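Those sequence lines, one after another, are chains A and B.
Position in the first sequence (first residue = 1) + 1225 = the working numbering.
Position in the second sequence (first residue = 1) + 51 = the working numbering.
Comments concern the structure below.
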Amino acid sequence: MKFSTLRPAAIALLLVISLAACGGTAGSTGSQGAAGLAGGAGDGAGGGAGQCGKTERTIAHALGTTTVTGDPSRVVVTEFSFADGAGLLGVRPVGVADDSDRNRIIQPIRERLGDYTSLGLRKSPSLPVIASLRPDLIIIDAKRNADIYPQLSAMAPTIALTSQEGDLAANIAAMRVLGQALNRCAEMEKAVTGLQDKLASIKTRIDGLPAKPKALFAVAADKTFSAHNGAAFVPSVLSAIGLEPALPADQSQPQADMGLETLVATAPEAMFIANYTPQNPITAWRANKLFTGIPAVASNRLFSVDPDVWARNRGVTAAEMVAEQAADLLLNAK
Amino acid sequence: MTATLRRRHPARPWLAAAAGGLVLVIAAAVWHLTLGAVQVPAGEVISVLTGHASTPGEMIVADIRLPRVLVALAVGAALAAAGVVMQGVTGNPLAAPDLLGVTAGASFAVVLALTVVPRLAEVSTVALALCGAAAAGCAVLALAGRSKGSGLRENRLILGGVTVSALLLSLTQGLIIFHENNAESVVYWLVGGVNLSQWREAWTILPVALAGIAGCLAMASRLNVLALGEEMARSLGQRVALVRLCGAALVILISGACVAVAGPIGFVGLVVPHMARRLVGSDHVRLLPVSALFGGALLVLADAVSHFVNPPNEVPAGVVTALLGAPYFVWLARRDRKSA
């Protein structure tokens, strides 16, 4: 009897210990990756750029190598940033995974896209719809859509690129690969240079601030407050315009849920929050004096930003808009 | 039979179990209060408990950690008590609020309001959760139907509960995915957690939990009579249907309120009564308070352990209770099969 009552306790204890051990390893990896944010824009330009101009191009991407022939015209994409990249090069994708909501694509990109067929959710685009579009090039997210890569490859040449899990440098590198796949390297280079010039000019505006605040970007949904660190897209755009991320880069986990105590300890000097839902942790925390004591909140630098521009779209157009809006918000808050 | 139970489990072990539970609750709470992203010396934690909160560390303990611990304690205790009552009124050791669709119903109602009519959620999350819990509970009872007498058909009750739970859980996930495309929110509404709890949540749940546990305790002797079997209970003059109705109402009240503040935390209501029964026997007068104490301690501990899963990031405590609860339950099921 005694033994049998002890066993569940022993199982529980073992589990607690193994959980604690997992936590230890998860916490100790990471924070090694701030490198490559500023200079990273040049990455990825080398290797495949020579492919442009050839009829048969061998494109190296996140999930392998794919041969693309000619100038693809029936392109299908599963992320907004890829739709943006194609649109910038004058290629209108015939199919876009838009979460079944056209309005999630930010306006400038939407206008360039014109009419397209929705593929449904970005996380799980509809394979029958993709097949029915008879694509000659499919571009998917290297992480979110990795599981359907084999099926899509059977339909048409498929290329897996970084969007959600990548910072600015990784997204720019993805854009360059996209340029090779579409056989428009020079046009893409022009778009990338345009973005870099724009970020540099916004940086000079930010330099006018008496003190540049450490900035935190987070996405708030009804029960989650997901903070993005230096390895995520928006913080790397902000650091390109001279705003140091309040959370150092952690490549293993660019976004992670945060509680009020960690937020208080992080003490950001400016906060950009994309609200997915009207009720979220921020609305609940406003009544807490520890929250109102956070430097960003106390100095009126808590900004609510458009989740479509800041959180759902990445890529060239979104980067420009994020940088522009951040500068406007900070300079007007003075 | 009650008398036999008491004889087999004389007074001392049950008092020891209760005292042990109390000590565990206090130790877990104090340990939890010292954990977090900010290092707060133990001295400051203790000075908060004596009513002082002036330094930043003390304010963090008083305004962030203390309400969270209280919510964990109240939710854990109330869910465990609700589990005992659920098992008592259905006469089924597998019954628990989360297995009989009540928790899933409450979550579904709250998520439906959050995603489809956000204004509705501002009115009262608790009221919404109660309606959802009640509707799901009634649906399960209707599915279970009645056997020739007026008793519940136990197997159909469990099957109905599992079916309704699965349906509501998938509907809840569907609502969140199609509305938000946000995986983190799905996790919260699947497992629950107290990591975002503040004083507002504490003041919401504490009165309901206290009233709910008191209600359960008031039913203890009637549950003992019901445990003798429906026929016997009836011949002893008990109004079986009324006892069951009161029990169901208590369970719905407790689970609804718990889901409203902490999401659908599972396994506490199922596993804790089993653990407590092994310590103090089946007499509800002893089982209920001991279950409540261990339930509170379990959830406080689970939430404390959640600090270590992925520091300094937050993991909902429900993940930890499921991690602890599921293997225990598997072990329990295997043991019962062997002994059967």
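Ideal Cβ placement from N, Cα and C applies to all residues, glycine included.
Being a predicted model, the structure only gives us computed values, none of them experimental.
Against chain B, does residue 1484(A) count as a neighbour if the rule is that its beta carbon must be under 8 Å from one of theirs? yes
Of all the residues that make up the region 318-343 of chain B, which are near chain A by a beta-carbon distance shorter than 8 Å? 326, 329 and 330
Looking at the strands, I want to know which residues DSSP matches up with residue 93(B). For residue 93(B), which the question treats as bridged, DSSP gives no partner whatsoever.
So which residues on chain B does residue 1538(A) lean against when the C-beta distance must stay under 7 Å? In chain order: nothing, as chain B lies at least about 13 Å away.
Given this structure, state the Cα-to-Cα distance separating residue 1344(A) from residue 1309(A), to the nearest angstrom. 16 Å
According to DSSP, simplified to helix, strand and coil, what is residue 345(B)? helix
Return the first residue and the last residue of the beta strand (DSSP E) that residue 1500(A) is part of. 1495-1500
Does DSSP put residue 103(B) in a helix, a strand or coil? coil
Run the CB neighbour count on residue 381(B), radius 10 Å, all protein chains shown included, and call it buried at 16 or more, exposed below. exposed
Touching or not, the region 1434-1452 of chain A and the region 1463-1472 of chain A, by the rule of three or more beta carbon pairs under 8 Å? yes
Where does the unbroken alpha helix (DSSP H) through residue 1436(A) begin, and where does it stop? Taken as a continuous stretch (DSSP letters only), residue 1436(A) belongs to no alpha helix (DSSP H), as it is neither H nor E.
Taking C-beta to C-beta, are residue 1473(A) and residue 1455(A) nearer than 8 Å? yes
When the Cα atoms are used, what is the spatial distance from residue 334(B) to residue 271(B)? 8 Å
Inter-stretch contact (C-beta, 8 Å, three-pair minimum) for the region 212-225 of chain B and the region 279-289 of chain B: no
Output yes if chain A places a C-beta closer than 8 Å to the C-beta of residue 256(B); else output no. At a cut-off of 8 Å, the C-beta of residue 256(B) has no neighbouring C-beta in chain A.
So, using beta-carbon positions, are residue 255(B) and residue 162(B) closer together than 8 Å? no
Contact defined as beta carbons within less than 8 Å: I believe residue 298(B) pairs with residue 136(B). What is the distance between those atoms, to the nearest angstrom? 5 Å
Measuring only between beta-carbons, confirm whether residue 1254(A) sits less than 8 Å from chain B. Unreliable placement is indicated for residue 1254(A), whose pLDDT of 33 sits below 50; no coordinate value is reported for it.
Please classify residue 1524(A): is it buried, with 16 or more other beta-carbons within 10 angstroms of its beta-carbon, or exposed? exposed
Note down, in chain order, all residues in the region 1314-1336 of chain A with a beta-carbon under 7 Å from any beta-carbon belonging to chain B. 1324
Please say whether residue 1494(A) and residue 1521(A) have beta carbons closer to each other than 8 Å? Yes, Cβ-Cβ distance for residue 1521(A) and residue 1494(A) is below 8 Å.
With burial defined as no fewer than 16 other Cβ atoms inside 10 Å of the residue's Cβ, what is the status of residue 1475(A): buried or exposed? buried
What is the DSSP secondary structure of residue 1282(A), counted as helix, strand or coil? strand
Sort 80(B), 75(B) and 72(B) by Cα distance to residue 354(B) and report the nearest one. 80(B)
Could you please give me the residues that DSSP links to residue 1289(A) through a beta bridge? 1286(A)
In chain order, what residues of the region 1515-1537 of chain A put their CB closer than 7 Å to some CB of chain B? 1515
For residue 114(B), tell me which candidate among 87(B), 301(B), 386(B) and 164(B) has the shortest Cα-Cα distance. Looking at the Cα atoms, 87(B) is the closest of the given residues.
Consult DSSP for residue 1574(A) and reduce its assignment to one of helix, strand or coil. No statement about residue 1574(A) is possible, as the shown extent of chain A runs from 1226 to 1559 and does not include it.
Quick check: what's the CA-CA separation for residue 1537(A) versus residue 1330(A)? 8 Å
Cβ-based burial, residue 1448(A) [other Cβ within 10 Å; buried from 16]: Answer is buried; the Cβ neighbour count reaches 16.
Is there a Cβ from chain B that is less than 8 Å from the Cβ of residue 1257(A)? Residue placement at residue 1257(A) cannot be trusted, given a pLDDT of 32 that sits under 50; what the coordinates show is reported in the next sentence. No, its Cβ sits nowhere closer than 8 Å to a Cβ of chain B.
In three-state terms, what does DSSP make of residue 229(B)? Here DSSP, grouped into helix, strand and coil, assigns residue 229(B) to helix.
Hey, does residue 1250(A) have any beta-carbon neighbour from chain B nearer than 8 Å? Caution applies to residue 1250(A), whose pLDDT of 36 falls short of 50 and renders its modelled position unreliable; the model cannot decide the point.
Are any of the Cβ atoms in chain A nearer than 8 Å to that of residue 89(B)? yes
Say yes only if the C-beta of residue 1512(A) is nearer than 7 Å to one or more non-hydrogen atoms of the ligand GTP, and no if none qualify. The ligand GTP is not among the ligands present in this structure, which contains no ligands whatsoever.
Should the region 71-78 of chain B be regarded as contacting the region 92-108 of chain B, the criterion being three or more beta carbon pairs within less than 8 Å? no
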